[in-house]
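For the sequence shown, the numbering used here begins at 189 and goes up steadily by one. Beta carbons: idealized from backbone N, C-alpha and C, even for Gly. Here the structure is a predicted model, which means the values were calculated and not measured. Worksheet: the structure to be examined is printed underneath.
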Amino acid sequence: MAALSLPLELAVLVPALPLLAALLIASRRLVRGARGEAGESLTAALSLGAAGLAFLVMLALAIQGLLRGTPHTLHLGEWFTSGDWRIPLSFTLDGLSLGFGSVVAFITLATLQFSRRYMHREAGFDRFFAGMNLFAGGMLLVVLAGNAALVFVGWELMGFASWLLIGYAHERPVATVNAQRAFLTNRVGDAGLLLAMALALLWAGSLEWDALAVASARLPTLYVSLIALGFMLAALAKSAQVPFTPWIARALEGPTPSSAIFYGAVMVHAGVFLLVRLEPVLVNAPGVLVLIGLLGALTVLVAWLAGYVQSDVKSALLFAGLAQVGLMFVAIGLGWFTLAAWHAALHALWRAWQFLAAPAYMHMLDAPTPPAPAWLTRRPRLYTAALQRFWLEPLADRLLTLPTRALARDIRTIDENVVSRLVGMSASQRAAELLAPYEEVVKGRGVVGGALAWSAERLDRVEQRLVLQGGGSPVGRGLARLGEWLRFVESLLEQPRYLLLLVMATLVVIL
């Protein structure tokens, strides 16, 4: 037993090691460029070494906790303080975190080992492994986090990694569109998580799980229910429950190993884990529990019927797994949190193995895919609804994807036709021509409107004299030079390797 007396601070290594591996792989690719097959061994060694060590530390801490017991929360210092609000850097080391963390670390290690040969000679080998390690670090951070703020960091890491890997074949428009769909849907869940965090700080004064559990017992039911609704929205989106089901089918666009670890085995259970973690809060919000159970049951029905009409093995496994996750939400709605946790862990292990074996299934089958059952085909409306996945995908496109694309097109049009031309303008008449349709904007009424209009006129005179005098004025030449540099920087940021470097640098500052 003395050999198992590990410092609990080692828990920090569990999410940190995969994140460090992702940073090293991305930095190596940025600095040295594409190395081809010769660079695969080092990339795989970094990934497997980080995942293997994280799994060993996680397993050792779990065994130590089982034999000796561990403190419920490990405080490592203060992360953020503002007035009476404190957000500590804390980890939860109870049975739920240690057990589920061990499962996640093992699945990550097995998937990376499988990927080493499956992705051999792929052009994006380094990029794939960087994304996988980024996801693993984010998920392990969610599992071990002692407060909602750290969960949010891991939540965002998973969201970015999923976007990166769904759009792995970025030269194909279908892949990039599907990555965009998944990204936008998860942003809705992120908004729910942020709302829950803001309300928790406002009413409970803390984001720590222990503090939320204590506060939920004394706060009014309405307050607790609103906090729980925000967390529920985040869980529904991440676990692809109705009405957020459409994104997960599109996520199969990514390589098979990422499908296994993301959608079949790990990420799809993140919402279940979050709700189980929030058991003390949810038991004081019975209305939210009922809603969770109902949406879970609806997801079971949708996934069950849609699964009958799938013609490929990965889609069939996906909808089968989605139905199982729906049952976990039903269990949570009924108050069976322990059952939902065990179900999630066992299902994650089983479904990961099935997804990793999926490429071999086609060679093992000696008969065509069986048709849908007769009782379903005899009901044309129900059969059509199952084929169309109950029209949730076009609904999600209309509500999320299409408006976002339209906004992006409008911003690009303004950037190209107004901003870019203003920077390189040769005559003020062109600026007036471009801005003519927007003259109504600066026509003010009343005292405030008149003041704004007066200010706009004075600024327009300064602009006409100093900026829009063609290339002859110093300001104009400076702005033109600045515009060239900005366009150059923009072209660099549009490349995946520079975008990944920027995100990594941002995460280093945050963490």
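Q498: buried (16+ other C-beta within 10 angstroms of its C-beta) or exposed?
-> buried
For A448 versus A508, is the C-beta distance shorter than 7 Å?
-> no
My guess is that L382 and N335 are in contact by the Cβ rule of under 8 Å, so how many angstroms apart are they, rounded?
-> So it is not a contact: roughly 14 Å between Cβ atoms.
Closer than 7 Å, CB to CB, is L207 near chain B or not?
-> Of the protein chains in this structure there is only one, and it is not chain B.
Quick one, which of L390, I295, L194, A333 has its alpha-carbon nearest D272's?
-> L390
Which term fits L647, buried or exposed, when burial requires 16 or more other beta carbons within 10 angstroms of its beta carbon?
-> exposed
Do T280 and T296 come within 7 Å of each other at the CB atom, strictly closer than that value?
-> no
Could you check how far apart the C-beta atoms of A437 and S503 are, in whole angstroms? I think they sit under 8 Å.
-> 7 Å
Are the segment 407-424 and the segment 463-480 touching by the rule of at least three beta carbon pairs closer than 8 Å?
-> yes
For Q542 and V331, the rounded distance between their alpha carbons | 23 Å
Counting along the chain, where does the beta strand (DSSP E) carrying G265 start and finish?
-> 261-270
Note the first and the last residue of the continuous alpha helix (DSSP H) segment covering L417.
-> 409-426
Among A422, Y356, V430, nearest to A584 - alpha-carbon criterion | V430
Using the beta-carbon count (16 or more within 10 Å), is Q576 buried or exposed?
-> exposed
Roughly how many angstroms lie between the CA atoms of V464 and L417, to the nearest whole one?
-> 14 Å
Could you name the residues that DSSP lists as bridge partners for R274?
-> T269
Nearest to L580 (by Cα), restricted to the options A491, G347, V245, T364 | A491
Please report how far the alpha carbon of I707 lies from the alpha carbon of N374, in whole angstroms.
-> Only positions 189 to 699 of the chain appear in the structure, and residue 707 is not among them; the question remains open.
Quick one: measure Cβ to Cβ for V291 and L328, integer angstroms, because I've assumed they're closer than 8 Å.
-> Incorrect: roughly 11 Å between the Cβ atoms, too far for contact.
Quick one: is R315 buried, meaning 16 or more other Cβ sit within 10 Å of its Cβ, or exposed?
-> buried
State the DSSP-derived secondary structure class of A357, mapped to helix, strand or coil.
-> coil
Alpha-carbon to alpha-carbon, L506 and A546 | 11 Å
What are the boundary residues of the alpha helix (DSSP H) that includes R566?
-> Segment: none, R566 is in no alpha helix (DSSP H) and carries neither H nor E.
CA nearest to the CA of E359, picked from G442, L590, G521 = G442
If you run the structure through DSSP and keep just helix, strand and coil, what is E310?
-> coil
Residues that DSSP places opposite E396 in a beta bridge = N335
Excluding sequence positions up to five away, which residues of its chain have a Cβ less than 7 Å from the Cβ of T364?
-> G355, H358
Is it the case that the Cβ atoms of A210 and L322 are separated by a distance below 7 Å?
-> yes
Backbone CA spacing between S454 and A639 [nearest angstrom] | Residue identity differs from the one stated: residue 454 is Val in this sequence, not Ser. Rounded to the nearest angstrom, the two C-alpha atoms are 57 Å apart.
Pull up the distance between the alpha-carbon of A298 and that of L352, whole angstroms please.
-> 21 Å
Uninterrupted alpha helix (DSSP H) stretches inside the segment 477-515 (no shorter than 4 residues) = none
Reducing DSSP to helix, strand and coil, say where T601 ends up.
-> helix
Distance between beta carbons of L264 and L277, contact taken as under 8 Å = 4 Å
When the distance is taken between beta carbons, is L414 closer than 7 Å to G377?
-> no
Starting from the Cα of A423, find the closest Cα among A392, A458, L440, D282 and give me that residue.
-> A458
Would you list the one or two residues that DSSP bridges to T280?
-> T261
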